[in-house]
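Report on one structure; see the data block that follows.
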Amino acid sequence: KGDAQRAISSFDEAIELAPEMAQAYHQRGKGYSILDQREQAIQDFNEAMRLDPQILFSGGVIGCSGRVSTCQVRL
Numbered sequence: 023k024g025d026a027q028r029a030i031s032s033f034d035e036a037i038e039l040a041p042e043m044a045q046a047y048h049q050r051g052k053g054y055s056i057l058d059q060r061e062q063a064i065q066d067f068n069e070a071m072r073l074d075p076q077i078l079f080s081g082g083v084i085g086c087s088g089r090v091s092t093c094q095v096r097l
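So this is what it looks like as structure tokens:
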């Protein structure tokens, strides 16, 4: 979980420098998902899809907190 927190911090910096980079939101969302911070993960996945609607098809923006029943996708 420490790695996920460090990754989130790195993506925070990336987003600050390039707020239009959908992939940074996607990756930060994955970090939040690992930490079971679903609301933040969903917000980041939604922002990634807003910035790049094709990201769903290029990398699979789906937030799962280890359980299929908690997966969220917004199309």
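Residue numbers (this note's numbering): 23 to 97. Positions of the beta carbon are idealized from the N, C-alpha and C atoms, including for glycine. All figures in this text were calculated on a predicted structure; none of them were measured in a lab.
Tell me whether the beta-carbon of residue i lies closer than 7 Å to the beta-carbon of residue j.
i, j, result
"residue 47", "residue 66", "yes"
"residue 29", "residue 53", "yes"
"residue 73", "residue 44", "yes"
"residue 33", "residue 60", "no"
Return helix, strand or coil for residue i, following the three-state DSSP convention.
i, result
"residue 74", "coil"
"residue 59", "coil"
"residue 52", "helix"
"residue 95", "For residue 95, the predicted model reports a pLDDT of 47, less than 50, meaning its position is unreliable; a value from the coordinates is still stated below. In this structure, residue 95 counts as coil in the three-state DSSP scheme."
"residue 42", "coil"
"residue 85", "Residue placement at residue 85 cannot be trusted, given a pLDDT of 48 that sits under 50; what the coordinates show is reported in the next sentence. Reduced to three states, the DSSP call for residue 85 is strand."
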